Every structure is written in structure tokens, then in C-alpha cells.
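Student:
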């Protein structure tokens, strides 16, 4: 926000630079080139966008209609069989897929509420002016700049049943060892806890930007009317945060639904395949076992679920507005 | 709730509170708030310190159940293990690969997205609205959709098991264009008009007026693209295979597989993967936090 005005404050130097350019002679080829200019500006990006975004979005669907083994030359067309087999009783792929969808759903259901509420509380504290505010903000955000691979190996160590730091602490308090990595429900506590630790700062930062957009004068007016803290929170802060809440809710749900690295590195899907998420199963099926047709079909099905969820979120917030 | 009440106490209207008793209460609350803030900071910092500390212990020392934050004696076996020539887990090689990939990717993103974003923000051409709508819409497609088809495309290009697979396809994402278009749209039009009156061509206006004005936004995007690429996990796990071709994130996964409970070695890998991004964060914290809060991206 504050980066912009600083840089705008020096237009003098810029004027000098371009004043040196001579006035152009309006030649016809130059004109034609000018008409092409927007497309030339776009060309490099559009090339990448077409090859790696537009084409794959459709090509993926094409793959899902085939029995597509990456290693086999023959990739017969099978219509919607890769989809219908997911709904067929007794199909192993179908069983594994829905088990992984259940794991994803469980993770979303546990992690999203925590990732909506805790960062909001942190943001409310950080929104006040007090010495050291930016230092605390920087500390809470820090884990987010680390990748999921570091978070994964670190938490697998911290939560190790025998030599992990957490069980050592609990042992000092006289609490028995807990199998954080292999027992339901502890393994969910581990995955959710690691994720909250990792991304709390991210959501807090987004909330904080939203809080700063709510005018001081609104609070002052409410105080004149005798509003207490709770009134102000409920009638000014929450409505003022509405657009930010929609954004945070949506991206948190989508991020949690895309969970992969934590399960792969922390719980490794254990116990059994109970914490193997949909993304983890789809990736294994498609790029581990090379049954890419199946995997592509699953990814489109997952997308349908995510679209439905996002629409539900928007509907919820719209209803709330009325 | 108590938090909110505190806020009114530091707000400009605080002189409205005449009772001296409120002052003592306020100090008490301030102390409580700091205690909570510091406790939370410990929760965030301690695991990172533990990672560093463990990486400097012998495997035996790391297995003891006593909690020694400062190792009794500094032991560099873990680092020697992963830097030994001929190892299957050449962490420094992965570091180099990650550095090359993330740097090249970040530069590519900025160079390719900036002109495109400028065209979408300022230039007039047929189909502009539709094109921008299509680009934006792809931001909402879950990344898993692209995994199978892009694996196939990258394999046809001969990029499997090469850093090209990490540098180029991810640069096609809509985020950079979206981020920069927002910024360019917010710049005052007058400067470009002045340049045009002075006879500058569109490209010259872009290079000499817009780019210098946009340095903060361009560097923020550069940083975010670097961080995203450095941390990218799912894609490199599947497109890179050879031990000497990996980047750090899939490498750490291999390290975990190879050393299972030899945690000093695994933590040493974690330390090496964390140092560059944490250093970058310390120096460019404001850019990173502001960039993230302005755009709301999530890894």
C-alpha cells in the first residue's frame, strides 16, 4: 500500500528521460506496428498460457476419457468409464478414491474453522498500535515462507512418538507417550496443528489488511452512542471484514482441500490409508502408477466438489448480507 | 473481547476515561497481552531453533529424551554426511538446483507477465475483456487438474527430469498478470500521456515510464515467484527423478526416506532449505508481507 506513493514522488527525472525522444514521423509501417503492439506485448505470456494452462485444462479432460497408461503406446477411448467406475460397487479405485475424499473432507472440516478464528484473534491484537507490533507480525508470518517440505520433515520429527520434542515435554509433565503420527484421532491433531502453525500468519496478514481499511471514525461514532466492545466487534468489525472473510474462507477451504505435503511427509497416509488425501491419491494413481486416465477423471470430480463448495460459501455470505 | 476493550484504551478518545483505577487495570492488561504475544512467538520460533540445534547433534545425542536446546557438543556429522562426495542425497547439489530454478523462474515470470499485464491494463485491442476474464478464471482451477496433462506435455517436450520443467510451465500461471495489472491500473495516466505527447512509442513508454515507476511491484512479484518456486513440492516430486537433478523439496522427501530416524541428517537438510528463504524474509519482510496481503495468494 505504501510502496506506491514513494515511487510516484519523482516524476521529474522521468520527464527528462523521455523528452530526449524526437517527435515521430507518422510513417505508415510504424502505424501498422503500433496497431500490433498490444499483441506483441501479450505474445510471450499467451504462448506459455496456451501451452501450459489452456491446452492442459482441456487435454486433461480428453485424457480422462481414455484408458491412459503413460507407459503403454495404446490409449483406448473408454468414454466416461473412468468416471462411472468410481461409482461402481466393489471397484478398488472407487473405494480408494472415496476414502481419500473422506480424508480430505475431514482435514477441511477440522482445519478451516481454526484457520478462520485463530488468525482473526491474532489480527485483532496486532491491529492495535503498541511497541513491537511489526516484530510480532513478522515472527508469526515467518513459518509461511518455508515450504511444506520443511514443515513436513520438521513436524515428523517434533511429533515422533519415541524421540519427538512434544512427547518429551508431555513426559516431563507425567503424560504418557501419544502416537501422534499413527493413531486416530491424534494424527489429525498433528496434521491440523502443523498446518495451523504453518499458515496462521498468512490468514492473519490478510485479516490485518482488512481491519486497517475499517475507518477509525466508525468506532468513535459507536462509542459516542455508548457501544461496548462486543457491540463494536459484532456491528462494525465483522460487517467491515465481510469481503475479506469471503476471500479468507474461500482460499482457506481450497488450500486445505489441496493438502498433500503434510500427509505425505508427516503421517505418510497412516494409519492404513486414513490420512491419504484426495490430492495424494490422485497424484500416486496418475504419476506413481501411471493410470493417468483414472487420475484425470478423479481430478475433474474433485474440481466439481470444490466448485460446489465455493458456490456454497458465496451463497452463504450473500445471504448473510441481506 | 478483552482485546477490543484494550483498543479503546489506546484510541485517541482515551482521555474520556477519568478514573485512575482504569489505569492500573490497563497496565495489567498490557502486561497480559505481551505475555501472550511472547508465548505465541516462542511457539513459532522454538521448532525452528530445535531444527537447527538437532542438526548440530550426533544421532545419539538427538535420541536422548532430555531436552537440550543448545547441543552439549557441536557435532557436524550430519552436514558431513549430506555433503560427502558420491552420496545419494547430495543436498548441496539440490540447493544449487533450487537456486537456479527459482531464480530463472522468477525472472521469467516478471519478464513475461509485465508486458502482458501492461497491455491488459492500458492498451486497447479487440477481445481484451474476454481475454482477461479467461486468464482470471484459470486462477480458480485447482492445480491438480493440470498435473496429468502437463506431465504429458512436459514429457513430449523432453523436459522430464530437467529444471526446465520447474522453470517454464509454472510461469504460465495467471497470478503474475493479475498482480501486475492491478498495480499498473492504479498508476496515474498523465505520465504516459506526457510521454506519448513527447513522441514515445508504446514500448518506450513502457520501458522508460512504467517499469521504473513499478520497481516495488516488480520486485515484490520477483520475490513471491522465487519463494513459491523454491518451496514448490508436488510438481517436482513427480517430474524430477535422478538424485543429482532434484531440488530441495523433493530432496528432503528422499532424505526422510533414506535416513528415517536419523533426524540430525534430516534436520540439516531442513536447515539448508530454510536459510535462503528466511534470509530473504529478514531483508525483504515488508515487501513480502505487503505483497501477500495485497494479493491473497496461498501456496
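Protein chains in written order, with our numbering: chain Z, 28 to 349; chain X, 501 to 799.
Quick reminder that beta carbons are idealized off the backbone N, C-alpha and C, glycines included.
Since this is a predicted model, take the numbers as computed values, not measurements.
By the 10 Å Cβ neighbour count, where 16 or more other Cβ atoms means buried, how is residue 85 of chain Z classified, buried or exposed?
Tutor: exposed
Student: Does the count of Cβ pairs from the stretch 781-794 of chain X and the stretch 735-745 of chain X closer than 8 Å reach three?
Tutor: no
Student: For the stretch 674-686 of chain X against the stretch 631-645 of chain X, do three or more pairs of beta-carbon atoms, one drawn from each stretch, fall closer than 8 Å, so that the two count as touching?
Tutor: yes
Student: Within the same chain, show all residues whose beta-carbon is closer than 6 Å to that of residue 245 of chain Z, passing over the 5 residues directly before and after it, in chain order.
Tutor: 263
Student: Just curious, the alpha helix (DSSP H) that residue 769 of chain X is in, first and last residue?
Tutor: Secondary structure note for residue 769 of chain X: its alpha helix (DSSP H) is the uninterrupted segment 763-795.
Student: Could you pull the start and end residues of the alpha helix (DSSP H) that residue 564 of chain X belongs to?
Tutor: Where residue 564 of chain X is concerned, there is no enclosing alpha helix (DSSP H), given that its DSSP letter is neither H nor E.
Student: What's the C-alpha gap between residue 125 of chain Z and residue 216 of chain Z?
Tutor: 22 Å
Student: Are the CB atoms of residue 181 of chain Z and residue 648 of chain X within a distance shorter than 7 Å?
Tutor: In this structure, residue 181 of chain Z does not lie closer than 7 Å to residue 648 of chain X by Cβ.
Student: So if DSSP puts residue 93 of chain Z in a beta bridge, which residue, or which two residues, is it bridged to?
Tutor: Z:104
Student: When you compare the CB positions of residue 768 of chain X and residue 578 of chain X, do they come within less than 7 Å of one another, or not?
Tutor: yes
Student: For the stretch 278-320 of chain Z, list the beta strand (DSSP E) runs that are entirely contained and at least 3 residues long, ordered along the chain.
Tutor: Here no run is fully enclosed.
Student: Using the rule of at least 16 other Cβ atoms within 10 Å of the residue's Cβ for burial, across every protein chain shown, is residue 226 of chain Z buried or exposed?
Tutor: buried
Student: Can you pull the chain X neighbours of residue 330 of chain Z, defined as C-beta to C-beta under 8 Å?
Tutor: The answer, in chain order, is 641, 642, 644 and 645.
Student: Within this structure, are the beta carbons of residue 235 of chain Z and residue 165 of chain Z separated by less than 7 Å?
Tutor: no
Student: Are residue 303 of chain Z and residue 127 of chain Z touching if we call contact CB-CB under 7 Å?
Tutor: yes
Student: Can you tell me which of the three DSSP states residue 580 of chain X falls into?
Tutor: helix
Student: Pick helix, strand or coil for residue 115 of chain Z, following the three-state DSSP scheme.
Tutor: coil
Student: Grouping DSSP H, G and I as helix and E and B as strand, with all else coil, what is residue 156 of chain Z?
Tutor: In this structure, DSSP gives residue 156 of chain Z a state outside helix and strand, which the three-state scheme calls coil.
Student: Does the Cβ-Cβ distance between residue 730 of chain X and residue 602 of chain X come in under 7 Å?
Tutor: yes
Student: How close, in whole Å, do the beta carbons of residue 317 of chain Z and residue 98 of chain Z come, if the pair is a contact with beta carbons under 8 Å?
Tutor: 5 Å
Student: Consult DSSP for residue 644 of chain X and reduce its assignment to one of helix, strand or coil.
Tutor: In the three-state DSSP reduction, residue 644 of chain X falls in the helix class (H, G or I).
Student: Please confirm whether residue 752 of chain X and residue 199 of chain Z have their CB atoms less than 7 Å apart.
Tutor: no
Student: Have a look at residue 253 of chain Z and residue 242 of chain Z and give me their C-alpha separation to the nearest angstrom.
Tutor: 18 Å
Student: Grouping DSSP H, G and I as helix and E and B as strand, with all else coil, what is residue 615 of chain X?
Tutor: helix
Student: Residues of chain Z with CB closer than 8 Å to the CB of residue 774 of chain X, please, in chain order.
Tutor: 173 and 177
Student: Secondary structure at residue 226 of chain Z, three-state DSSP: helix, strand or coil?
Tutor: helix
Student: Spatial neighbours of residue 211 of chain Z within its chain, please: CB distance less than 8 Å, with the 5 preceding and 5 following residues excluded, ordered by chain position.
Tutor: Closer than 8 Å at the Cβ level, and outside the excluded window around residue 211 of chain Z, lie 298 and 301.
Student: Using only CA atoms, which one of X:706, X:665 and X:716 lies nearest to residue 622 of chain X?
Tutor: Comparing Cα-Cα distances from residue 622 of chain X to each of X:706, X:665 and X:716, the minimum goes to X:706.
Student: Is residue 200 of chain Z close to chain X? Criterion is C-beta to C-beta, closer than 7 Å.
Tutor: no
Student: Comparing the C-beta of residue 297 of chain Z with each C-beta of chain X, is any distance below 7 Å?
Tutor: no
Student: Taking three-plus beta-carbon pairs below 8 Å as touching, is the stretch 314-331 of chain Z in contact with the stretch 101-119 of chain Z?
Tutor: Touching, yes, given that three or more Cβ pairs across the two stretches are closer than 8 Å.
Student: Among the residues of its own chain, which have a CB less than 7 Å from the CB of residue 144 of chain Z, if the five just before and after it don't count?
Tutor: none
Student: Would DSSP call residue 688 of chain X helix, strand or coil?
Tutor: Coil at residue 688 of chain X, not helix or strand.
Student: Under a three-way DSSP split, which group does residue 207 of chain Z fall into?
Tutor: coil
Student: Just the C-alpha distance for residue 81 of chain Z and residue 741 of chain X, rounded to the nearest angstrom, thanks.
Tutor: 27 Å
Student: Could you name the residues of the same chain whose beta carbon sits closer than 7 Å to that of residue 104 of chain Z, not counting the 5 residues immediately before and after it, in chain order?
Tutor: The beta carbon of residue 104 of chain Z lies closer than 7 Å to those of 92 and 93 in the same chain, with the five residues before and after it left out.
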